[in-house]
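Remarks on the structure that follows.
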Amino acid sequence: MRLRIDQQSDALYLDLNDKEIDSSEEVSDGIILDYDKDGNLVGIEVLDASKKAGDLKTLHQLSLDVPHIAV
15 MRLRIDQQSD
25 ALYLDLNDKE
35 IDSSEEVSDG
45 IILDYDKDGN
55 LVGIEVLDAS
65 KKAGDLKTLH
75 QLSLDVPHIA
85 V
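Position 66 of the sequence shown, counted from 1, bears residue number 80 in my numbering, the numbering being contiguous throughout.
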């Protein structure tokens, strides 16, 4: 999983895996879900991210809580 923040375009992208994007769906204004050929979610894009977060500084304060998953 990888989170990318593009401050120039004010966009945030969360890659859930490395599968190729086959289709996309805008589920809300500026919120786009990307799917692979099997319909599995592979990524989430947020356009105008600082406006949606309320402040550009919010994007600089990133915290991820990822639980350990035993394999």
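We put the beta carbon where it would ideally sit given N, CA and C, even for glycine.
Keep in mind that this is a model prediction, so the values were computed, not measured.
So, under 8 angstroms CB-CB, Met15 and Asp29 are touching, yes? Tell me the CB distance rounded to an integer number of Å. 6 angstroms
Express the C-alpha separation of Lys65 and Lys37 in angstroms, rounding to a whole number. The amino acid occupying residue 37 in the given sequence is Ser; Lys does not appear at that position. Approximately 26 angstroms between the Cα atoms of the pair.
For Glu59 and Asp43, the rounded distance between their alpha carbons: 11 angstroms
Inter-residue Cα distance where the pair is Asp52 and Asp20: For Asp52 and Asp20, the distance between alpha carbons rounds to 28 angstroms.
Quick check on the DSSP output: the alpha helix (DSSP H) that includes Ser23 runs from which residue to which? Neither: Ser23 is in no alpha helix (DSSP H) and is coded neither H nor E.
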